[in-house]
Amino acid sequence: MHDLEQLKEALIVGDWKNAAAATQAALADGVAPLTIVTGHLMPAMDEVGRRFECEEYFVPEMLLSARAMKASMEILRPLLASSGAQPVGRVVIGTVKGDVHDIGKNLVAAMLEGGGFEVIDLGADVAPELFIEAVTERGANLVALSALLTVTMGWMKTTIDAFQTAGLRQEVKIMVGGAPVTQQYADAIGADGFSDSAGSAVALARKLVTA
Amino acid sequence: MERHLGCLIATRGIEACYESPVEPNHLRQTSVSSRDRLRTALEHREPDRIPLDFGSTNVTGIHVSRVAALRDYYGLPKGPVKVYEPFQMLGSIDDDLRAAMGLDAIGVFPLKTKFGAPAADWKEWDFRGLQVLVPGDFRTTTSANGDILVYPQGDLTAAPSGRMPVGSAFFDIIVRQPEIDEEKLDPADNLEEFGPLSDEDLDHIERSARAAGASGYGVVGSFGGTSFGDVGLIPAAALKSPKGIRDVAEWYMSTRTRRRYIHRVFERQCEIALANLARVHSLIGDSVDCMYVCGTDFGTQTSAFCSVATFRELWFPYYQRVNSWVHTNTDWKCFKHSCGSVERFLESFIEAGFDIVNPVQCSAGMDPAELKRKYGSRLVFWGGGVDTQKTLPFGSQREVREEVLRRCEIFASGGGFVFSAIHNLQAGTPVENIVAMLDAVNEFNGVWHA
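Chains A and B, in that order, are what the protein sequence lines are. Each residue of the first sequence is one higher than the one before, starting from 5 at the first, in my numbering. Each residue of the second sequence is one higher than the one before, starting from 189 at the first, in my numbering.
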């Protein structure tokens, strides 16, 4: 139990080395990978999100916690896959075509993974057909689109339309975010949800996959 | 009239306040020079009309495609527009367009552009169908998928440092982060791009500043070297093999985990900058009116990149040192750019000696009236005129006009306002909306002191 408290603390303070060590130690003590994720990793990242929302934490702290969470998940991911544990949801995430900005997208991806989602991160400058391909191949039920520029946010609509054309629009929920994106814009392009921060993105994603 | 416009808008609506079209700024007879107009506003006194800026800095610019479109709109001679800032693809505003738009400020820029090519030996370049002029050492290749790659100092044998994807209209920096060995991390590695200005650099600045100073326009000097920890510059797109901390996310994390390292970088950078400023000032004197100090963003769309406490520990001492030197030795005003929601930092900006804040991103949860009320007598708002994420690119001309009139109402009173949009005018912005924005400023000016 001491290791798990240490893991939680390491995630909250963003210490990736301690996070990896505590994860290894907990596994060595016989704690199940899923228990580590749901009982400790998810509450820790929820706490990180809470601190971000109330401005105790800012982007640097979020990045540090995300890196610590990734260090832990690198160890846990293969074990979870082999155990057949089901994630909260399966999300394909990427920055849309023409846009190479990815810090915000990476934070959302990390928070979603810390929130119990399986995250398929396609990176930046992602064409609509690649989102569709990933959803089809990986059986994702959620798509998260990011854009930073006014000249590229139009690709969000193009991507959503591509899902419609491919006959897959009813199979997935699509959420959008990024500096110039608003709830009004999300509604106008037919997205299912909009989030203006990495912390609130997790709550939105959970809501969408259980709707 | 001038004191009651806000009340009139509240009770009668915008249409009742601004009933008839007003002659454009540039056609109205006035004895006030642009430079005096700008200086008056910077001294927090009301000028004859609101000074207007597009193109004097890298954060109040216009995308080259929009400069070309504006030239067409005003019927000015056609020809390739010069890209003075190839990272954001900002187009030069020549005197004829400056006059047509009624602008009041021009800029002095360093010799070297973002990717390290000197702003010289201009050549034509096909920018996805638009002929533009770029520096001679601005060299690109096109990748198999159609992305445009640009190379540091034009060296095609180096790794590219910028990429413009298909479908985009701007470059983004390619991060080239060498593996970090914590034991060997040396602040000098993050200082390679900072050093004494060369004779060539100084000669360019002197010639540019003298010409600008003689133009009759207000002048903003951007000399480089005083942006502390600007993540747009941290990847060092002009260097062929950057060392140190060059990844943006790694830099952000370092502001928490490697503060001693960052202090050492900032301390040395500050020393170099002050020595350069002394040399620049000895050559150009007060031919510029204000100095672009730093573009580090502290605000996000909804929050901040750090706490005020972190700002005061990590940035404040260096800003204070630079601004103090400027105020002690020159008549220049100090210009701070920071996107996002930055109201929490404004008291610290003022205390650090900044005179001007830009781009005044009201859309990031900052109420313009509150900003004016709390800080308007101590900070010049250079920007804030219209939203470039929503209203200007996607709104109707009527929406543009209404937003501009309201912002002028709020910010113009008592001076301390230079009209510009909230950051650069982006590619894809309808030229009719840009003209509607300018018309609205003229309309306001027509009744402001009527």
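Just so you know, even glycine gets a beta-carbon here, dropped at the ideal spot from N, CA and C.
Kindly list, in the order they appear in chain A, the residues whose Cβ is closer than 9 angstroms to that of residue i.
| i | result |
| --- | --- |
| B:TYR339 | Those within 9 angstroms of B:TYR339 in chain A number zero; the least Cβ separation is about 17 angstroms. |
| B:VAL436 | ILE107 |
Can you have a look at residue i and say buried or exposed, based on whether 16 or more other CB atoms are within 10 angstroms of its CB?
| i | result |
| --- | --- |
| B:GLU145 | No information on residue 145 of chain B is available, as it lies outside the stretch 189 to 638 that chain B covers here. |
| B:ASN378 | buried |
| B:PRO366 | exposed |
| B:GLN614 | buried |
| B:HIS637 | exposed |
| B:ASN633 | buried |
| A:GLN228 | With chain A covering 5 to 215 only, the question about residue 228 of chain A has no answer from this structure. |
| A:PRO82 | exposed |
| A:GLY98 | buried |
| A:ASP7 | buried |
| A:ARG54 | exposed |
| A:THR156 | buried |
| B:THR518 | buried |
| B:ALA628 | buried |
| B:ARG225 | buried |
| B:ARG364 | buried |
| B:GLN457 | buried |
| B:ALA198 | Annotation note: pLDDT 45 at B:ALA198 (below 50); position unreliable, no value reported. |
| B:VAL220 | exposed |
| B:THR345 | exposed |
| B:PRO265 | exposed |
| B:ARG286 | buried |
| A:GLU65 | buried |
| B:ASN333 | exposed |
| A:THR163 | buried |
| A:PRO184 | buried |
Under the assumption that residue i contacts residue j (Cβ atoms under 8 angstroms), give the Cβ distance between them as a whole number of angstroms.
| i | j | result |
| --- | --- | --- |
| B:VAL255 | B:VAL269 | 5 angstroms |
| B:VAL296 | B:ILE393 | 6 angstroms |
| A:LEU67 | A:LEU111 | 7 angstroms |
| B:PRO340 | B:SER349 | 5 angstroms |
| A:LEU31 | A:ALA23 | The Cβ separation is near 13 angstroms, so there is no contact. |
| B:PHE504 | B:PHE493 | Not really, about 15 angstroms apart at Cβ, beyond 8 angstroms. |
| B:LEU580 | B:ASN621 | 5 angstroms |
| B:ASP477 | B:GLY406 | 5 angstroms |
| A:THR186 | B:LYS578 | 7 angstroms |
| A:GLY120 | A:VAL92 | 4 angstroms |
| B:ILE640 | B:PRO547 | Because chain B spans 189 through 638 in this model, residue 640 of chain B falls outside it and cannot be assessed. |
| B:PHE411 | B:MET479 | 7 angstroms |
| A:VAL176 | A:VAL139 | 6 angstroms |
| B:LEU567 | B:ILE610 | 16 angstroms between Cβ atoms; not a contact. |
Cβ closer than 8 angstroms: which chain A residues qualify as neighbours of residue i?
| i | result |
| --- | --- |
| B:THR518 | By Cβ distance, chain A contributes nothing, its closest Cβ being about 34 angstroms from B:THR518, past 8 angstroms. |
Check the Cβ of residue i against every Cβ in chain A and list those closer than 7 angstroms, keeping chain order.
| i | result |
| --- | --- |
| B:ALA615 | VAL155 |
So with CB distances below 9 angstroms, who are the chain B contacts of residue i?
| i | result |
| --- | --- |
| A:GLY118 | Under the 9 angstroms cutoff, chain B gives no residues; its nearest Cβ is about 16 angstroms from A:GLY118. |
| A:ASP165 | What A:ASP165 touches in chain B: nothing, since even the nearest Cβ is about 15 angstroms away. |
Starting from the beta carbon of residue i, find every residue of chain B whose beta carbon is closer than 8 angstroms, and list them in chain order.
| i | result |
| --- | --- |
| A:TRP159 | GLY355 |
| A:LEU68 | MET441, ARG444 and THR445 |
| A:THR186 | LYS578 |
| A:ALA148 | Under the 8 angstroms cutoff, chain B gives no residues; its nearest Cβ is about 17 angstroms from A:ALA148. |
Since residue i meets chain B, which of its residues come closer than 7 angstroms, beta carbon to beta carbon?
| i | result |
| --- | --- |
| A:ASP129 | PRO353 |
| A:ALA75 | The contacting residues do not exist; A:ALA75 stays about 13 angstroms from chain B at best. |
| A:ALA24 | Per Cβ cutoff of 7 angstroms: no residues; A:ALA24 is ~16 angstroms from chain B at best. |
Report task. Could you name each continuous alpha helix (DSSP H) segment of 4 residues or more that falls completely within the stretch 267 to 308 of chain B, going from the start of the chain to the end? Result -> If one requires a minimum length of 4 residues, the alpha helix (DSSP H) runs lying completely within the stretch 267 to 308 of chain B are 283 to 289, in chain order.
Query raised in the report: Which whole runs of the beta strand (DSSP E) in the stretch 160 to 196 of chain A are 3 residues long or more, in chain order?
Result: Correct list: 177 to 181.
Query raised in the report: Between the stretch 477 to 494 of chain B and chain A, which residues of the former have a C-beta closer than 8 angstroms to a C-beta of the latter?
Result: Correct list: THR488, GLN489, THR490, SER491, ALA492, PHE493 and CYS494.
Query raised in the report: Can you list the beta strand (DSSP E) stretches of 3 or more residues lying completely in the stretch 491 to 540 of chain B, in chain order?
Result: Listed in chain order, the complete beta strand (DSSP E) runs (minimum 3 residues) inside the stretch 491 to 540 of chain B are 521 to 525.
Report task. Please name the residues in the stretch 351 to 375 of chain B whose beta-carbon is closer than 8 angstroms to at least one beta-carbon of chain A, in chain order. Result -> So the list reads ARG351, PRO353, VAL354, GLY355, SER356, ALA357, PHE358 and ASP360, given in the order they occur along the chain.
Requested in this report: Scan the stretch 89 to 110 of chain A for residues whose Cβ lies nearer than 8 angstroms to a Cβ of chain B and list them as they occur along the chain.
Outcome: Residues passing the 8 angstroms Cβ filter: LYS101, GLY102, ASP103, VAL104, HIS105, ILE107 and ASN110.
Requested in this report: Identify every run of the beta strand (DSSP E) within the stretch 306 to 371 of chain B, keeping only runs that are complete inside it and at least 3 residues long; order them along the chain.
Outcome: With a minimum length of 3 residues, the continuous beta strand (DSSP E) runs that stay inside the stretch 306 to 371 of chain B are 311 to 315, 318 to 322, 328 to 330, 336 to 338 and 350 to 352.
**Report entry** Members of the stretch 190 to 209 of chain A near chain B, C-beta cut-off 7 angstroms
**Finding:** Listed by position, the residues of the stretch 190 to 209 of chain A near chain B (Cβ gap below 7 angstroms) are ASP200 and SER201.
**Report entry** the stretch 568 to 585 of chain B: positions lying closer than 8 angstroms to chain A by Cβ
**Finding:** For the stretch 568 to 585 of chain B, the beta-carbon criterion of a distance under 8 angstroms to any beta-carbon of chain A is satisfied by THR576, GLN577, LYS578, PRO581 and PHE582.
Query raised in the report: Taking any Cβ of chain B, which residues in the stretch 37 to 65 of chain A have a Cβ under 7 angstroms from it, in chain order?
Result: Close to chain B, meaning a Cβ-Cβ distance shorter than 7 angstroms, are the following residues of the stretch 37 to 65 of chain A: GLU59, PHE62, VAL63, PRO64 and GLU65.
Query - Whole runs of the alpha helix (DSSP H) within the stretch 42 to 104 of chain A, excluding any shorter than 4 residues - result: Counting only runs of 4 or more, we get 46 to 57 and 63 to 87.
**Report entry** 3-residue-minimum beta strand (DSSP E) runs that sit fully inside the stretch 403 to 471 of chain B, ordered along the chain
**Finding:** The beta strand (DSSP E) runs lying completely inside the stretch 403 to 471 of chain B and spanning 3 residues or more are 406 to 409, given in chain order.
Requested in this report: Can you give me, in chain order, the residues of the stretch 165 to 183 of chain A that have a beta carbon less than 7 angstroms from any beta carbon in chain B?
Outcome: Within the stretch 165 to 183 of chain A, the residues whose Cβ lies closer than 7 angstroms to any Cβ of chain B are, in chain order, ALA183.
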